[in-house]
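The numbering of the sequence shown is the numbering used here, which starts it at 430 and goes up by one.
We put the CB at the ideal spot given by N, CA and C, even for glycine.
See below for the structure under consideration.
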Amino acid sequence: MEQQVESLETYLMDELEAGEASVDLDDKEPQEVLAWAIEKFGQSMAICSSLQAESCVLIDMAWRIDPAVRVFTIDTGRQPPETNELIERVRAKYGIEIEVFRPETATVDKMVAKHGKDLFYRDVNLRLLCCQVRKVLPLRRALMNYSAWVTGLRRDQWATRSNIRKVEIDHDHGGIVKLAPLADWTEAEVWDYLRANDVPYHSLYDKGYKSIGCGPCTRAVAPGDDPRSGRWWWETGAPKECGMHCAIETGGFEHELAALLNGHGNNSHNGNGNHAPNGNGNYARG
Ligand code: SF4
């Protein structure tokens, strides 16, 4: 189900307004941030759920404020079966709809035909290409339906997230509002809330996983290891990001993505046939 919200202009905030809101709400509890956002954006806002622990906390909190809160997820086609099982448990507990957005079949088929199903293990740019096709583009399509989205980002998850604000304008997605009510929460606070409120959570956490994405790109980590070290664990020097929350520009995968989307192939990933990021190894945050 993809509902188009009418008159999105009505709900858009400008930088000044978002900046003031982020200051006002920075020391507020997540429930207060959610209540403010639900009041302001109503049905033109949705929680983007990865089905990780943070998403489950946010769904529970928002549902207690407004049982009609909208939730969507991106089904990449490579998720572990436990993720789909959790979606059903969440639907059953809260009686909510979870809108599912998927990658374009034709683009996935072209990518797989050219590079293979497990292309991500071979090269960072091919991994980023896969994330663009399976995650970033469907997210972009999903967010055309909303004027605000809620994420489970926390500042202590990774260096690229250390400066996130609870309310900000999302310039990567048409200037809609992006909310991070859990920005200042710790992992321990997330789990305290889950347990105290009997919130359904992903069963892979009980098998040593700390951060959960697609099946082939996620593994359990040892106690004490960085929680995101189980994501794309074979890569060195690349960001533990897929591009959904910060634009990643390498000068590599973008050419290949354009070729896929334009319907013609190009075997080069960076214009010179190499797979190196961009000649200087940079991955830029947008
Ligand atoms: Fe592809 Fe892995 Fe990214 Fe999922 S996490 S979209 S399988 S590269």
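With DSSP run on the structure shown, which of helix, strand or coil describes residue i?
i, result
"M490", "helix"
"M673", "coil"
"K522", "helix"
"A609", "coil"
"V650", "coil"
"R499", "strand"
"M540", "helix"
"E528", "strand"
"E533", "coil"
"E597", "strand"
"I516", "helix"
"C485", "helix"
"C560", "helix"
"G694", "Low confidence applies to G694: its pLDDT is 40, below 50, so where it sits in the model is not reliable, and the reading given next is rough at best. Note: G694 maps to coil in three-state DSSP."
"N703", "Any reading at N703 needs caution, since the residue's pLDDT is 32, under 50, leaving its predicted position unreliable; the model's value is listed next. N703 falls in the coil class under three-state DSSP."
Who are the near neighbours of residue i in its chain, counting only those whose CB is closer than 7 Å to its CB and skipping five residues on each side?
i, result
"G719", "Only positions 430 to 715 of the chain appear in the structure, and residue 719 is not among them; the question remains open."
"P716", "Only positions 430 to 715 of the chain appear in the structure, and residue 716 is not among them; the question remains open."
"K639", "V650, P656 and G659"
"M673", "K564, V565 and L568"
"S451", "R594, K595, V596 and E597"
"L623", "A482, C485, V486 and Y630"
"C646", "F549, R660 and W661"
"I488", "I476, S478, V500, V519 and Y523"
"E511", "H631, S632 and L633"
"D455", "K595"
Output needed for residue i: all residues of its chain with C-beta closer than 8 Å, excluding positions within five of it in sequence on either side, in chain order.
i, result
"C643", "T505, R507, Q508, P509 and R563"
"E766", "Outside the displayed range of the chain (430 to 715) lies residue 766, so it cannot be described from this structure."
"A464", "I494"
"L686", "L558, Q561 and V562"
"N592", "R584"
Classify residue i: buried if its beta carbon has 16 or more other beta carbons within 10 angstroms, exposed otherwise.
i, result
"M573", "exposed"
"Y550", "exposed"
"A491", "buried"
"A716", "Nothing can be reported for residue 716, as the shown portion of the chain is limited to 430 through 715."
"T679", "buried"
"H600", "exposed"
"P459", "buried"
"L445", "exposed"
"G653", "exposed"
"A535", "exposed"
Taking the beta strand (DSSP E) that residue i belongs to, which residues open and close that run?
i, result
"W578", "A577 to V579"
"C643", "It is not in any beta strand (DSSP E) - C643 carries neither H nor E in the DSSP assignment."
"M573", "Per DSSP, M573 belongs to no beta strand (DSSP E) and is neither H nor E."
Taking the alpha helix (DSSP H) that residue i belongs to, which residues open and close that run?
i, result
"T665", "Note, T665: premise wrong, no alpha helix (DSSP H); not H, not E."
"F470", "P459 to F470"
"E683", "F682 to N691"
"E449", "E444 to L454"
"L623", "E616 to A625"
How about residue i: is its Cβ closer than 7 Å to a heavy atom in ligand 2?
i, result
"P652", "Ligands present in the displayed structure are limited to ligand 1, and ligand 2 is not among them."
Starting from the C-beta of residue i, find all residues in its chain whose C-beta is less than 6 Å away, skip the five residues before and the five after it, and write them out in chain order.
i, result
"V519", "P629"
"A667", "V553"
"C671", "C560 and K564"
"L515", "L480 and H631"
"A609", "T580, L582, I593 and K595"
Listed in chain order, which residues are found with a beta carbon closer than 6 Å to a heavy atom of ligand 1? T505, R507, F549, R556, C559, C560, R563, K564, G642, C643, P645, C646 and C671
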